[in-house]
Amino acid sequence: MSLTERTHYRTCHLCEAICGVEIRLRGEEILSIRGDPDDPFSRGHICPKAVALRDVHEDPDRLRHPVRRTASGWQVISWDEAFDEVARRLVEIQSRHGKEAVATYFGNPQVHSYGALLGGTMLARTLRSPNRYSATSVDQLPHHVAAYFMYGHQLLIPIPDLDRTGFLLVLGANPVVSNGSLMTAPDVAGRLKDLRRRGGHLVVVDPRRTETAGLADAHHFIRPGTDALLLLALLHTTFNEGLARPGRLAAFVDGMEALRGICSEFPPERVATATGIAAGTIRQLARDFAAADGAACYGRMGASTQRFGALVQWLIQALNVVTGNLDRPGGALFTRPAFDAIGLATGLGQRGTFGRRRTRVRGLPEFGGEFPVAALAEEILTPGPGQIRALVTAAGNPVLSTPNGRRLDGALAGLDFMVSVDFYINETTRHAHVILPPTFALERDHYDLIFHALAIRNTAKYSLPLFEPAPDTRHDWQIFAALKRRIEALDPGRRGNLRTRFGARWLTPRRTLALGLRFGPYGARWSPFGGGLTLSGLARQPHGVDLGPLGSCLPGRLATPGKRIQLAPEPLVRDLDRLRASLETTGAAPGAELLLVGRRDLRTNNSWMHNSQRLVKGPPRCTLLIHPDDAARRGIASGSLADVASRVGRVSLVVEVTDEVMPGVVSIPHGWGHDRPGVRLRIASAHAGVSVNDLTDERALDELCGNAALNGIPVLVTPAPATPSAALA
Ligand SMILES: Nc1nc2c(c(=O)[nH]1)N[C@H]1C(S)=C(S)[C@@H](COP(=O)(O)OP(=O)(O)OC[C@H]3O[C@@H](n4cnc5c(=O)[nH]c(N)nc54)[C@H](O)[C@@H]3O)O[C@H]1N2
Ligand SMILES: Nc1nc2c(c(=O)[nH]1)N[C@H]1C(S)=C(S)[C@@H](COP(=O)(O)OP(=O)(O)OC[C@H]3O[C@@H](n4cnc5c(=O)[nH]c(N)nc54)[C@H](O)[C@@H]3O)O[C@H]1N2
Ligand code: SF4
Ligand SMILES: [Mo]
């Protein structure tokens, strides 16, 4: 019998670049995964991870059925048994200790699955606990804070107009490797080369000469954590030299004079030592930025997960506004996505929230209904009313991804109950009492609710499932829905009235998507036959549709009262005191300590793709990068082992001596450290590496919003006396 060959088109959901892939099959067997040349947005581009979609799909370590932890190991149980047990335990703990005794943690892949996103939100609502955590506070929280205060909604984040800009200034991002973040753009490297080719400029500011810096006109080393000072000095020059030209924005900007006053305190000379960037260089950079025909300043992880992340994201916006580059082609613009969650939310008057509540132990503020995850361990470990006793994790691995992961690791071991919605037994889920494994991406449909809304072009694409779900498996949303129903059955008080009950049942993620598209900015609305987007129409265009470049939409799109941009929001202005105080202490003579920063690798995806042989093969990539001067001073050579110690922990790993990092700075990638007992990731454990988050510090925060400062951690580096095998894997 000859099996038919077929070709399937879909979006790779692994990172934010949303590349189109073409998957060729014979029967159920995947023959090849390539870039889809007919995807109008990615035009055939993919990275090595797309091919590993197959490895995860076929991974024998991937769970297909619920399991319960027993004294003699993991026991497969039925879905009914699993759902009943989880619902019973959660309700029991909440009725005994209060709603806040159950916490949730949602990880990054949640955002890459519309079903998981919508379903998870429903479950969290049913749990009614204020103790909600997610990967947001080890990532992009400062972007939301700046957007909330300046533009009125946490999701109103302007996106650099990468294909048309004349000048891209990049702070603390390495999109050539990360493939872009809060800037969905397949093939960033190609687009940056195009930028240079059309005469545009790329300048990168980073304590490491990154792969992105390799494509730039200029790269400047910066001392970690000092970007806010650099930005203030750039703004100083802009104001001082008459380069402030907000143009049409001036009609709806508040706070221009206040900002000018603030910046007058920060001439380039004042910040040169602290930042490590010469005053003349800062001045010239400000002039070049202001002179460009369309310029965008863009900052990501390095500019966000640091002590002054929110200040940095605010001042990046401010630079774009003051130079008239916000909301203009070639600058930074808001998107107009086909499913417009922001439009929906602002239409309903929802703007987001900040500081409505504080964490019990340390008093860290809530943002958008969540607490900073740096507080999770102490909320579990500290006895007293309100203590967290049970945890629901979904699509996350906080033991490897949040600061002082070892402490959290220990805290999870002491929980009364933990359930994880995940298909791997990893460093976090090994602590669960029950694991509920969802289907993997190839068995479900896909639409990027979030990343279309953060893209450099407006596009839309809907992918059908490639495979039928395996027998007796569940999608994420079905797992969440089943738990929700059982919790409500045990505690009918949470059910709501008839209407909301019916709504919750009827409004599946797919129907929500269909409605959102139909009544979105390009939607068919009530018309059954006329033009306009519908879900079924999109399904017939498997390469996706192009909806055009980003366009101006201000002031209409603003969600602030009176639709005005707030250029000097009070909470951010107040936080400058902390920055001023830091200026007194930074730039002092270098001590024994080095500052630790992170990095990413093309063949990783945070912590969870290391069980693919093709992604981990080759020399170890979890290494310590150190400058030759710093290495020589410590008697450390390339290939040897070094001990790295911080306030909270110590790791040993292989050294690479390189002048690509700034003197005084060392770099370790995150997402490694798979050698913990009980982890069932055979390939990953054989290439374990160490977890950088065993060094990062839960006390190191952007204190304004509680985002973790994962970069700029002081560490001591010494030659390692012995050779732990894990570090060599
Ligand atoms: N291959 C791959 N791609 C990914 C991921 C992955 O794990 N692997 N993860 C995805 C996710 S979840 C995200 S959020 C994005 C992140 O995307 P990016 O932000 O582009 O990724 P990073 O490589 O972390 O870049 C951060 C940069 O900041 C620099 N840096 C550190 N501290 C400072 C500082 O104080 N100031 C300045 N100016 N720079 C600093 C670091 O040296 C590093 O080069 O990547 C996504 N894409
Ligand atoms: N030091 C340091 N720490 C960092 C960073 C850094 O740059 N430096 N980066 C931070 C950033 S930007 C992020 S986003 C976080 C990520 O941190 P997390 O979101 O906590 O963890 P991930 O490593 O993304 O793990 C994702 C988990 O989801 C599971 N999974 C994958 N797909 C699905 C699915 O469809 N459904 C379900 N239910 N589960 C799924 C995987 O098996 C894995 O267990 O890490 C952060 N931590
Ligand atoms: S860049 Fe991201 S979306 Fe594109 S193929 Fe690689 S992992 Fe997938
Ligand atoms: Mo992230």
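Quick note on numbering: the sequence shown equals residues 358 to 1086 in my numbering. For each residue, glycine too, the CB sits at the ideal point set by N, CA and C. Quick caveat: nothing in here was measured; it's all calculated off a predicted structure.
With respect to Pro-624, Val-954 sits apart: the two C-beta atoms are not nearer than 7 Å.
Nearest Cα to Arg-565 within the set Gly-1035, Gly-681, Thr-786, Gly-1021: Gly-1021. With contacts defined by Cβ atoms closer than 7 Å, Cys-1062 and Val-468 do not form a contacting pair. Each residue's CA atom was taken as its position, placing Val-545 and Asp-958 some 15 Å apart.
Distances between the C-beta of Asn-536 and the heavy atoms of ligand 3 include at least one below 6 Å. With 16 or more other Cβ atoms inside 10 Å of its own Cβ, Trp-1029 counts as buried. Non-local beta-carbon contacts of Gly-873 in its own chain, meaning distances under 6 Å to residues more than five positions away in sequence, involve Phe-696 in chain order. Put simply, the backbone Cα of Glu-950 is about 11 Å away from that of Thr-1075. About 28 Å separates the CB atoms of Pro-729 and His-809; that is not less than 8 Å, and the two are not in contact. Looking only at Ala-649, Arg-717, Pro-976, Ala-838, the smallest Cα-Cα distance to Arg-685 is reached by Ala-649. Here the C-alpha atom of Gly-477 lies approximately 48 Å from the C-alpha atom of Gln-641. Between ligand 1 and Gln-663, a heavy atom-to-CB distance of less than 6 Å is present. The Cβ atoms of Thr-785 and Asn-761 lie no closer than 7 Å to each other.
Here Pro-515 really is in contact with Leu-690; their C-beta atoms are around 6 Å apart, less than 8 Å.
Around the beta-carbon of Arg-521, 16 or more other beta-carbon atoms lie within 10 Å, marking it buried. From the listed residues Asp-416, Asn-465, Ile-619, His-558, the smallest Cα separation to Ala-585 is found for Ile-619. Boundaries of the alpha helix (DSSP H) around Glu-614: 613 to 621.
Straight-line spacing of the CA atoms in Asp-986 and Ile-993 works out to 10 Å. Of the candidates Ala-916, Ser-995, Arg-1056, the residue whose Cα lies closest to the Cα of Gln-511 is Ala-916. Between Gly-612 and Ala-871, the gap from beta carbon to beta carbon reaches 7 Å or more. In the three-state scheme derived from DSSP, where H, G and I count as helix and E and B as strand, Glu-362 is classed as strand. Scanning the stretch 791 to 863 from its first residue to its last, the whole beta strand (DSSP E) runs of 3-plus residues come out as 791 to 793, 814 to 817. Counting the other Cβ atoms within 10 Å of the Cβ of Gln-707 gives fewer than 16, which makes it exposed. Where Thr-869 is concerned, the enclosing alpha helix (DSSP H) starts and stops at 866 to 875. If you look at His-469, you'll find it isn't in any beta strand (DSSP E); DSSP assigns it neither H nor E. The Cβ-Cβ distance between Gly-681 and Arg-617 does not fall below 7 Å. It is roughly 8 Å from the alpha-carbon of Val-1001 to the alpha-carbon of Leu-1052. Around the beta carbon of Lys-841, a 10 Å sphere encloses 16 or more other beta carbons of the protein chains shown; the residue is thus reported as buried. Taking the C-beta atoms as reference points, Thr-891 is found no nearer than 7 Å to Arg-867.
Taken from the Cβ of Pro-581, at least one heavy atom of ligand 1 lies inside 6 Å. A residue is called buried once 16 or more other Cβ atoms fall within 10 Å of its Cβ, and Asp-934, having fewer, is exposed.
Under DSSP, Asp-1059 forms a beta bridge with Asn-1064.
When C-beta atoms of the stretch 879 to 887 are compared with those of the stretch 664 to 683, fewer than three pairs fall below 8 Å, so the two segments do not count as touching.
Counting the other CB atoms within 10 Å of its CB gives Ser-486 a total of 16 or more, which places it among the buried residues. Around the beta-carbon of Arg-489, 16 or more other beta-carbon atoms lie within 10 Å, marking it buried. Looking at Ala-444, Ala-504, Ala-631, Gln-663, the one whose alpha-carbon comes closest to that of Thr-483 is Ala-444.
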